[in-house]
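The sequence shown: position 65 = 100 (our numbering), numbered continuously. To start, the structure itself, in structure tokens.
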Amino acid sequence: MSTDSPLPTVVLVHGMWHGGWAWERVAALLEASGHRCVRVTLPGEGRAPGDPTFRGHCDHLLGVLAGVAGDVVLVGHSYSGALLGEVGDAPNVRAMVFVSAFCLEPGESVGSVNDAEAGSQAGRDDIRRVGDTLVIDPDTARHAFYHDCTPEDAYAAAERLTPEHAGVRDTSVTRAAWRDVPSHFVVCTLDRACTPDVQRMMAARLKSVSELESSHSPMLSMPHAVADAITEFAARTGAAA
């Protein structure tokens, strides 16, 4: 790898209830190909300290980005697509990748988009509110998020999920950074949490789209394909140069 034109850092952001652990396999593959990776863990109960609200998540991600020297490819899964749209035009972000992620217009929220179409197995009727948090039960998570993973991976991931602040699902975004930053959408065609139809509606907002025959969690079930999608889009946009 040339020191004159280093590869960009890939910043990986997880979805609701998850943590930076969800990206471990993809990060290992990207690092083997020469990329530095940052696996973000957003504030929340049982996760990173700090403000667990949507605004707190945005501020946390901005802080992470500010601490990265050089160019960034920003990757979001599921809920964190809303964060990419809100703060993804930070000065060092050169490209973004939405992996079954919420690519939202101003005024939309994760909940309003996901609940507008029937079929999600992780919609408002599938999760529980406990105080100020939202909880998804392990059995529900295994069926909605990990049905193409090995049983061992599905059980291990479901047991690591943590409560999410109730407001993040229904907070409306105010910005759409994907309009100004080259962005790619990875549609997961077997997804039971964010249905393929909902994903394709959001993907149509972008100029670059690919599809994986995957559940909602391809970072666990097919990490090589996810890593390839990231590096290929980075190369096409010049973020790899």
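For every residue, glycine included, the Cβ atom is placed at its ideal position computed from N, Cα and C. Since the model is a prediction, treat every value here as computed from it, not as a measurement.
Cβ-based burial, residue i [other Cβ within 10 Å; buried from 16]
i	result
Gly105	exposed
His259	exposed
Val165	exposed
Gly111	buried
Gly116	buried
Pro186	exposed
DSSP state of residue i mapped onto helix, strand, coil
i	result
Leu248	Reading off the sequence shown, one finds Glu at residue 248, where the question assumed Leu. Glu248: coil per DSSP, three-state reduction.
Leu42	coil
Glu199	strand
Gly166	coil
Arg129	strand
Gly111	strand
Ala277	Outside the displayed span of the chain (36 to 276) sits residue 277, for which this structure offers no information.
Ser243	strand
Pro141	coil
Rounded C-alpha distance that separates residue i from residue j
i	j	result
Leu119	Thr168	22 angstroms
Arg177	Ala193	6 angstroms
Ala264	Leu42	15 angstroms
His219	Pro173	30 angstroms
Gly54	Tyr114	12 angstroms
Ser256	Ala67	19 angstroms
Met36	Gly69	Low confidence applies here, because Met36 scores a pLDDT of 33, under 50, leaving its location unreliable; read the following figure in that light. Answer to the nearest angstrom: the Cα atoms are 7 angstroms apart.
Asp183	Phe133	20 angstroms
Residue i vs residue j beta-carbon contact at 8 angstroms
i	j	result
His92	Leu109	no
Pro253	Val244	no
Gly85	Thr197	no
Asn149	Val233	yes
Glu152	Ser207	no
Phe268	Ala57	no
Ser155	Thr230	yes
Ala157	Ile171	yes
Boundaries (first-last residue) of the alpha helix (DSSP H) holding residue i
i	result
Thr175	Pro173 to Phe180
Phe268	Pro258 to Thr272
Phe35	Past the edges of the chain, shown from 36 to 276, lies residue 35, and the structure says nothing about it.
Gly160	The residue asked about is misnamed: residue 160 is Asp in this sequence, not Gly. Where Asp160 is concerned, there is no enclosing alpha helix (DSSP H), given that its DSSP letter is neither H nor E.
Gly123	That residue, Gly123, is in no alpha helix (DSSP H); it is neither H nor E in DSSP.
Run of the beta strand (DSSP E) containing residue i, from where it starts to where it stops
i	result
Met51	Here Met51 belongs to no beta strand (DSSP E), and DSSP marks it neither H nor E.
Arg74	Cys72 to Val75
Ser218	Ser218 to Cys223
Min CB distance residue i to chain C below 8 angstroms
i	result
Ala136	The chain inventory of the structure shown lacks chain C, comprising one protein chain alone.
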